[in-house]
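Chains as they are written, first to last, in this note's numbering: chain S, 1 to 400; chain E, 401 to 683.
Ideal Cβ placement from N, Cα and C applies to all residues, glycine included.
Fair warning: this is a prediction, and the values are worked out from it, not measured in the lab.
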Amino acid sequence: MLVRFFLEVRAAGIPASITEFLSLLQALEARVASCSAEEFYWLARLSLVKDERHFDRFDRVFAEHFAGAERVFERLLAEVPAEWLQAMAQRLFSDEERAKVEALGSWDKLLETLKQRLAEQKSKHEGGNKWIGTGGTSPFGSGGYNPEGIRIGDAGARQRRAVKVWEAREYRNFDDRRELGTRNLKMALRRLRKFARQGAADELDLDGTIEATARNAGWLDLKLRPERRNAVKVLLLLDVGGSMEDHVRICEELFSAARSEFRQLEHFYFHNFIYETVWKDNRRRQSERIKTTELLRTFNGDYRVIFVGDAAMSPYEIVQPGGSVEHFNEEAGSVWMQRMTAHFPHLVWLNPEPEERWDWTPSIRLTQELIGNRMFPLTLGGLDRAMVALRRKRINEGSR
Amino acid sequence: MTTQRFSGTDRYIATDDLRMAVNAAVTLARPLLIKGEPGTGKTQLAVEVAQALGRPLFEWHVKSTSKAQQGLYEYDAVSRLRDSQLGEARVADIRNYIVRGKLWEAFESEEQPVLLIDEIDKADIEFPNDLLRELDRMEFYVYETRELVRARHRPIIIITSNNEKELPDAFLRRCFFHYIRFPDEETMTRIVGVHYPSLKRELLAEALGAFYRVRETPGLKKKPSTSELLDWIKLLLAEDIPPEALRSEDPKKAIPPLYGALLKNEQDVHLFEQLVFLNRRAR
Chain S
1 MLVRFFLEVR AAGIPASITE FLSLLQALEA RVASCSAEEF YWLARLSLVK DERHFDRFDR
61 VFAEHFAGAE RVFERLLAEV PAEWLQAMAQ RLFSDEERAK VEALGSWDKL LETLKQRLAE
121 QKSKHEGGNK WIGTGGTSPF GSGGYNPEGI RIGDAGARQR RAVKVWEARE YRNFDDRREL
181 GTRNLKMALR RLRKFARQGA ADELDLDGTI EATARNAGWL DLKLRPERRN AVKVLLLLDV
241 GGSMEDHVRI CEELFSAARS EFRQLEHFYF HNFIYETVWK DNRRRQSERI KTTELLRTFN
301 GDYRVIFVGD AAMSPYEIVQ PGGSVEHFNE EAGSVWMQRM TAHFPHLVWL NPEPEERWDW
361 TPSIRLTQEL IGNRMFPLTL GGLDRAMVAL RRKRINEGSR
Chain E
401 MTTQRFSGTD RYIATDDLRM AVNAAVTLAR PLLIKGEPGT GKTQLAVEVA QALGRPLFEW
461 HVKSTSKAQQ GLYEYDAVSR LRDSQLGEAR VADIRNYIVR GKLWEAFESE EQPVLLIDEI
521 DKADIEFPND LLRELDRMEF YVYETRELVR ARHRPIIIIT SNNEKELPDA FLRRCFFHYI
581 RFPDEETMTR IVGVHYPSLK RELLAEALGA FYRVRETPGL KKKPSTSELL DWIKLLLAED
641 IPPEALRSED PKKAIPPLYG ALLKNEQDVH LFEQLVFLNR RAR
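Structure representation (structure tokens):
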């Protein structure tokens, strides 16, 4: 059963390896988790998923694979003799917690009830509503939400939890999609790294030391020099929605590739063209917007700005005030773009549309003019050219 | 080995999933990688685990200039060179110039220690890769003296990361991974209760309410975290602020007092004040 689960986890794009799978089995063998679905979920996530961005994907696979499987844990529990339960409870509850339980009623009485429940469980297993995950009224079993409940397999009251952990999908926002197949993009983005000699003097300069020592008549004279460090800062602006739908995937691959390459990377979203606001969280694009002027204030000209978008729209959306399809913009998109290019000398636009088609789209030609022909296709070669262009300052306006 | 279990301490509230993570790491003697928002107690965890299990703690704080080798040992060639020029006797033995790192110290410990590798993402990208064998086999080779250093007891290794850089896959494969979520209001009440047990119930409820309102302000650059909340409450107590002052229903006092402890960024403070102002006008 677990092998299939493991394969499904991998199929969902979580880079779990055999070593990690084996360590999960090892942990199960070492009884790190007892029989509770929730504990098993935590343990599996702990050993198989190594990035919070994959948590959401894992949650989905888990929910799918183990749909109804809490029943399995129930059944396990039903077959467990009461003495074993008691032993386990004693092992897992601290004295203090046991005292608390006993304050609620007698410990023995609770166990007695537990035994009864187990018997009931055997006889009416189907559709029972006293058991884990099916309504949460039982004081027993993991996931039981009775405020006075014993939580088998773990200690502590948990009644506040209304949804199974993996169904809550709290990590949805961390998912930045597919690392798979980004290797090529990574290679190209690596060109962006610029090794600037800055920072503290902390590396022994051997040649300098030899020379200085020789000048010093053989007495040692140490010379230090600053260490190399990756100093590239990147501002990523991604077009979402509308005509970009079919390009979103490739953009997100670029995004997850870019993540690991820079010391500072900020990303924002826009729709079609840049206007007075951008946003950070696509799900809250209506409520949490950030002013473009603030963007200009916050990030200085050192930042390399990369636009990603197909720039396919009506030309009015660029040149006319009020041309935006989404809202009334007081100033034309072209004005905002001019502000961007004036502030950020290092700026490129990556376009997922094939380069051959650019000439047929007036809005692409317009954008090209605005950014000084610094639009490149979203391919390996295009990226190479974009990275070279990013290293240089802005090309003069006239070159076509 | 005894099956000791970690279940939080009197100063540290560990959620069930965190407890499970620590116990799994202890049982299988595998490093535990901890991530989470700043101020959610990642570093503190190692201190508390060491205390709860009664183990010695070794802390290795990683900086952007740290090298993996520094955790093992360093050969101080420069002072040896200098000593040789001065004709000192200790020059003859290379051992005098081998400086032990934190990892070595932890390996030499008499009982199983807890080793904290703090903020591993601050270092160079290659840093974690250079520690693969050491974390896996818990041994390393000192080339200068040709000796093999092996851990007497596999240390409980807790590694924290702030996600500034991505860690290499080979490294991740060897660790357990846990992400500390920002605590919900109930857990938070317990955390505050542990730190300030004498706090008036009312004040606590009001403070938490105000805190979560500040946290939910859209567009904040740095959301206030647990450690900032604790600082703030300390200030509130010191200033003897009455609970009523924290209630935002009163439009004139809508900005919580001493909010400088919660918001650490000029722009955030500005944004917050603006929002409060707009709010007030809307009434």
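{"Item": "E/Lys-623 versus S/Arg-45: straight-line alpha-carbon distance, rounded", "Value": "27 Å"}
{"Item": "Presumed contact (8 Å Cβ cut-off) between S/Leu-222 and S/Phe-307, rounded CB distance", "Value": "Contact doesn't hold; Cβ gap of about 47 Å is too wide."}
{"Item": "Top-ranked residue by Cα proximity to S/Val-240, from S/Val-278, S/Thr-209, S/Gly-218", "Value": "S/Val-278"}
{"Item": "Partner residues on chain S for E/Val-478, Cβ-Cβ distance less than 7 Å", "Value": "Leu-222"}
{"Item": "Any 3 or more C-beta pairs closer than 8 Å across the region 426 to 442 of chain E and the region 557 to 572 of chain E", "Value": "yes"}
{"Item": "Contact with chain S by E/Met-420, beta-carbon distance below 9 Å", "Value": "yes"}
{"Item": "Test: S/Trp-42 CB closer than 9 Å to a CB of chain E", "Value": "yes"}
{"Item": "Which of helix, strand or coil DSSP assigns to E/Tyr-579", "Value": "strand"}
{"Item": "Proximal chain S residues relative to E/Tyr-541, where beta-carbon distance stays under 9 Å", "Value": "What E/Tyr-541 touches in chain S: nothing, since even the nearest Cβ is about 23 Å away."}
{"Item": "Buried versus exposed call for E/His-670 [16 or more other C-beta atoms within 10 Å across all chains shown]", "Value": "exposed"}
{"Item": "Cβ-based contacts, 8 Å cut-off: residues of the region 430 to 462 of chain E near chain S", "Value": "Arg-430, Leu-433, Lys-435"}
{"Item": "Outcome for S/Ile-132 when other beta-carbon atoms lying within 10 angstroms are tallied against a minimum of 16", "Value": "With a pLDDT of 40 at S/Ile-132, under the threshold of 50, the modelled position of that residue is not reliable, and the figure given next carries that caveat. S/Ile-132 should be labelled buried."}
{"Item": "Buried versus exposed call for E/Gln-512 [16 or more other C-beta atoms within 10 Å across all chains shown]", "Value": "buried"}
{"Item": "Residues from the region 617 to 636 of chain E in contact with chain S, defined by Cβ distance under 9 Å", "Value": "Pro-618, Gly-619, Lys-621"}
{"Item": "Candidates E/Leu-453, E/Glu-474, E/Ala-468, E/Arg-411: closest to E/Asp-524 by CA position", "Value": "E/Ala-468"}
{"Item": "The region 477 to 505 of chain E: positions lying closer than 7 Å to chain S by Cβ", "Value": "Val-478, Leu-481, Arg-482, Gln-485"}
{"Item": "Selection of the region 17 to 38 of chain S by Cβ proximity to chain E, strictly under 9 Å", "Value": "Ser-17, Thr-19, Glu-20, Ser-23, Gln-26, Ala-27, Ala-30, Arg-31, Val-32, Ala-33, Glu-38"}
{"Item": "Distance between beta carbons of S/Leu-235 and S/Glu-266, contact taken as under 8 Å", "Value": "5 Å"}
{"Item": "Chain S residues whose Cβ lies nearer than 9 Å to that of E/Asp-521", "Value": "Within chain S, no residue comes near E/Asp-521; the closest Cβ sits about 11 Å away, beyond 9 Å."}
{"Item": "Buried/exposed call for S/Trp-2, threshold 16 Cβ in 10 Å", "Value": "The amino acid at residue 2 of chain S is misidentified as Trp; the sequence shows Leu. Looking at its Cβ environment, which holds fewer than 16 other Cβ atoms inside 10 Å, S/Leu-2 is exposed."}
{"Item": "Rounded straight-line distance, which links the Cα of E/Asp-476 to that of E/Ser-407", "Value": "42 Å"}
{"Item": "Within the region 490 to 573 of chain E, ranges of the beta strand (DSSP E) (whole runs, at least 3 residues)", "Value": "498 to 500, 514 to 518, 539 to 542, 547 to 550, 556 to 561"}
{"Item": "Where S/Asn-351 falls: helix, strand or coil (DSSP)", "Value": "strand"}
{"Item": "Residues bridged to E/Trp-460 (per DSSP)", "Value": "E/Ile-517"}
{"Item": "CA-to-CA distance, S/Glu-20 to S/Asn-146, given in whole angstroms", "Value": "Since pLDDT at S/Asn-146 reaches only 39, below the 50 mark, its modelled position is unreliable, and the value read off the structure follows with that caveat. The straight-line gap from Cα to Cα measures roughly 35 Å."}
{"Item": "Beta-carbon proximity of E/Phe-576 to E/Ala-450, cut-off 9 Å", "Value": "no"}
{"Item": "Counted within 10 angstroms of its Cβ, other Cβ atoms place E/Glu-488 as buried (16 or more) or exposed", "Value": "exposed"}
{"Item": "Proximity below 9 Å, CB of E/Val-426 to CB of E/Leu-445", "Value": "no"}
{"Item": "Min CB distance S/Leu-370 to chain E below 9 Å", "Value": "no"}
{"Item": "Best match in E/Ser-627, E/Lys-600, E/His-553 for proximity to E/Val-514 [C-alpha to C-alpha]", "Value": "E/His-553"}
{"Item": "For E/Leu-457, the nearest candidate out of E/Leu-630, E/Met-588, E/Phe-507 (CA to CA)", "Value": "E/Phe-507"}
{"Item": "E/Tyr-543 burial status per 10 Å Cβ neighbour count (16 or more: buried)", "Value": "exposed"}
{"Item": "Contact with chain E by S/Ile-404, beta-carbon distance below 9 Å", "Value": "In this structure chain S extends from 1 to 400, so residue 404 of chain S is not present and cannot be described."}
{"Item": "Meets three-Cβ-pair contact criterion under 8 Å: the region 376 to 386 of chain S and the region 338 to 345 of chain S", "Value": "no"}
{"Item": "Closer than 9 Å to chain E by CB, S/Ala-196", "Value": "Low per-residue confidence applies at S/Ala-196: pLDDT is 42, beneath 50, and the placement is therefore not dependable, though the value from the model is reported in the following sentence. False, the Cβ-Cβ gap to chain E never drops below 9 Å."}
{"Item": "Cα-Cα separation between E/Gly-619 and E/Val-676, rounded to whole angstroms", "Value": "14 Å"}
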